[in-house]
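Everything below concerns the one structure shown next.
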Amino acid sequence: MKTEDHSNVIVYFGNEYVPLREARVSILTHALHYGTGVFDGIRGYWDERQEQLFLVRPMEHFRRWKANSGILRIGIAPDASTLCGITVELVRRNHFHSHIYVRPVAYKSAERIGVVPDELDAFSVIAVPFGDYLDSRHGLHAGVVSWRRIEDNAIPGRAKICGSYVNSALASDEARRNGFDEAIFLTEEGHVAEGATCNIFLVRGGKLITPSPAENILEGITRNCVIELAHTELHLDVIERPVDRSELYLADEIFFTGTAVEIAPVTRVDHRAVGSGAIGPVSAELRFLYLEATRGHLPHYRHWLLPTFDLKPPEAAEPEPELAAVGDGDLWGV
Ligand SMILES: Cc1ncc(COP(=O)(O)O)c(C=O)c1O
243 MKTEDHSNVI
253 VYFGNEYVPL
263 REARVSILTH
273 ALHYGTGVFD
283 GIRGYWDERQ
293 EQLFLVRPME
303 HFRRWKANSG
313 ILRIGIAPDA
323 STLCGITVEL
333 VRRNHFHSHI
343 YVRPVAYKSA
353 ERIGVVPDEL
363 DAFSVIAVPF
373 GDYLDSRHGL
383 HAGVVSWRRI
393 EDNAIPGRAK
403 ICGSYVNSAL
413 ASDEARRNGF
423 DEAIFLTEEG
433 HVAEGATCNI
443 FLVRGGKLIT
453 PSPAENILEG
463 ITRNCVIELA
473 HTELHLDVIE
483 RPVDRSELYL
493 ADEIFFTGTA
503 VEIAPVTRVD
513 HRAVGSGAIG
523 PVSAELRFLY
533 LEATRGHLPH
543 YRHWLLPTFD
553 LKPPEAAEPE
563 PELAAVGDGD
573 LWGV
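Note that my numbering gives residue 363 to position 121 of the sequence shown, counting from 1, and the numbers run on in steps of one.
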């Protein structure tokens with residue numbers, strides 16, 4: 243993965259806007275040693291035609307981040323709408339005219355040895371230009387890894403706790419070294435949980451299936467978007483239930499969902515073709531709808547988005563486009 247120089251990007255740190263190169267924490271910071279931080283990830287999509295950068299469901303992300311930080315007893319003073327305002331300000335100060343990724347992180351900030359956390363908390367919001375996380379245009383090859391998904395009673399996986407991402411890092415490393423694009427975690431009981439950085443859906447016999455939140459998954463916001471799109475647009479209900487590993491090999495379609503991966507079809511799993519081995523119609527349609535919705539092209543889902551620049555006056559705005567045919571190659575890899 244290429245490392246880009248973001249040192250001049252303006253970030254929110256210590257209650258002020260500063261260049262990233264000045265946002266520094268001590269080597270003794272509690273969160274660095276013990277993983278006692280909680281983060282989130284939000285996408286912002288630049289739409290050239292509307293000259294607008296849309297943040298995708300920022301209120302939901304900030305609410306989740308604040309609630310999950312409470313599991314570690316980390317307090318984040320601003321409410322979700324103030325945090326949205328901070329993010330809009332970051333977009334404007336950085337003059338972003340490209341897709342971005344927003345990374346809020348809250349952490350135990352005491353500078354001392356000793357694992358017992360105290361009440362010293364800090365947070366930061368970082369936004370950087372960001373393109374594709376995985377190139378899923380032609381479908382991914384996913385592999386079940388030997389690492390098991392962390393148990394809620396060990397480290398709650400639903401909380402996006404910094405330390406718990408060692409689990410995802412080990413899984414991603416193993417998957418990549420074994421030639422896979424993304425890892426699939428099983429739970430200690432042997433059920434399918436999720437990817438290393440994403441939730442998972444299967445299509446079997448015309449039904450959309452996904453592991454329930456009780457399977458140690460992160461309760462993904464993209465997962466919720468897909469459940470809504472599937473129900474509203476495809477009239478498909480989603481069944482949340484335990485999924486066996488062998489169901490991966492019998493599925494007609496599999497896809498991952500996540501802020502970074504978006505909707506990523508899986509066409510091979512553990513060296514076996516998924517269905518026909520090509521991207522299936524449900525995955526293609528949901529991906530198309532999600533990308534259209536998150537770029538502000540579908541009025542019905544506009545409430546998911548927060549525009550960051552002043553809106554064009556209505557007379558200058560172009561008409562909403564007709565929904566292009568599903569499978570229109572233009573949207574792949576935007
Ligand atoms: C382990 C894990 N599961 C699922 C997801 C997907 O969650 P969301 O759709 O809210 O980005 C992520 C990404 O944040 C993740 O890290």
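We put the CB at the ideal spot given by N, CA and C, even for glycine.
Check, Outcome
"Per DSSP, cross-strand counterpart(s) of Gln294", "Asp289"
"Inter-residue Cα distance where the pair is Leu553 and Glu353", "44 Å"
"Asn441: CB within 8 Å of a non-hydrogen atom of ligand 1", "yes"
"Leu615 versus Glu504: straight-line alpha-carbon distance, rounded", "Past the edges of the chain, shown from 243 to 576, lies residue 615, and the structure says nothing about it."
"Option in His339, Cys326 and Gly279 with minimal Cα separation from Gln292", "His339"
"Per-residue DSSP class, three states only, for Leu428", "strand"
"Integer Cβ distance of Tyr343 from Ala364, believed to fall under 8 Å", "With 8 Å as the limit, Tyr343 and Ala364 do not qualify as a contact, their Cβ atoms being about 21 Å apart."
"Assigned exposure category for Trp546 - 16 Cβ within 10 Å defines buried", "buried"
"Ile328, DSSP secondary structure in three states", "helix"
"One or two residues paired with Lys350 in a DSSP bridge", "Asp363"
"Nearest residue (CA-CA) to Ile426, options Leu533, Pro398, Arg510 and Thr550", "Arg510"
"Cβ pair Thr278, Leu314 closer than 9 Å", "yes"
"Residue range of the unbroken beta strand (DSSP E) whose run includes Asn441", "Asn441 to Arg446"
"CB of Ile284 within 9 Å of CB of Arg305, strictly", "no"
"Beta-carbon proximity of Ser414 to Thr452, cut-off 9 Å", "no"
"Entirely enclosed beta strand (DSSP E) segments - the segment 471 to 505, minimum 3 residues", "480 to 482 and 495 to 500"
"Any non-hydrogen atom of ligand 1 within 8 Å of Glu436 CB", "yes"
"Nearest-angstrom Cα separation, counted from Glu534 out to Ala558", "Note that Ala558 scores a pLDDT of 49, beneath 50, so its modelled location is shaky; the value from the coordinates is reported in the next line. When rounded, the distance between both Cα atoms is 21 Å."
"Three or more C-beta pairs below 8 Å linking the segment 521 to 540 and the segment 482 to 499", "yes"
"Three CB pairs or more closer than 8 Å across the segment 452 to 462 and the segment 397 to 408", "yes"
"Alpha-carbon spacing of Leu297 relative to Ser488, whole angstroms", "38 Å"
"Buried or exposed (CB count within 10 angstroms, at least 16 for buried), Ala435", "buried"
"Distance cut-off 8 Å: Gly462 Cβ against heavy atoms of ligand 1", "yes"
"Identified DSSP bridge partners for Leu270", "According to DSSP, which records beta bridges pairwise, Leu270 is partnered with nothing at all."
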